[in-house]
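Numbering (the working numbering), first residue to last: 2 to 194. Think of the CB as a built atom: it goes at the ideal place given N, C-alpha and C, for glycine as much as any other residue. These figures come from a predicted structure and were not determined experimentally. Have a look at the structure below before the remarks.
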């Protein structure tokens, strides 16, 4: 599959109080397609620190992981988003050993992005994911866009539905309710013996 290099473009709160954030990733060179990942507050904080190149007085988890890898002769060299299912993005972290051989580790996409921002290694996504999940209907000034419902996790869908009801946007609330029921039905079917 064709891998497309991406970068972190922006991050903004999507629910009030700020419990969820939209992390926008953009294709480098080419069509400039964008992806949006809905992430939690802690993940957003770790990514923001990486974006700002902030060095904390004491190491945080991602800093600790990089220090341990360095001591062990391991060097992270690439991140790849390889799957999106029910709003969950899955990624591989590619790591090079001291002898030059590489291995991959399954990881949370937000962790891979946080490490990439600190260590400055490239991020990629499979082109079919980028094409399928890219942001649609982007306004001319880039301030609004449509996010694929597949990119939103179940908890965020429930919060968005509650917010839609509170704002009396019943059409959007019913669409979100239908997606929630569909996913919860899948979970029940997969958990049966």
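In the structure shown, the three-state DSSP call for residue 108 is strand.
Under DSSP, residue 36 forms a beta bridge with 26. Cβ-Cβ distances below 6 Å link residue 117 to 80, 124 in the same chain, with the five nearest sequence neighbours on each side left out; the list follows chain order.
Judged by DSSP secondary structure, residue 75 falls outside any alpha helix (DSSP H); it is assigned neither H nor E. In this structure, DSSP gives residue 79 an extended state, which the three-state scheme calls strand. Distance from residue 73 to residue 115 at the Cβ level is roughly 19 Å; contact not present, criterion being Cβ atoms closer than 8 Å. Bounds of the alpha helix (DSSP H) holding residue 163 are 155-167.
Note on the stretch 37-66: whole alpha helix (DSSP H) runs with a minimum of 4 residues are 42-52, in chain order. In this structure, residue 94 sits away from residue 69, with a CB-CB distance that is not shorter than 8 Å.
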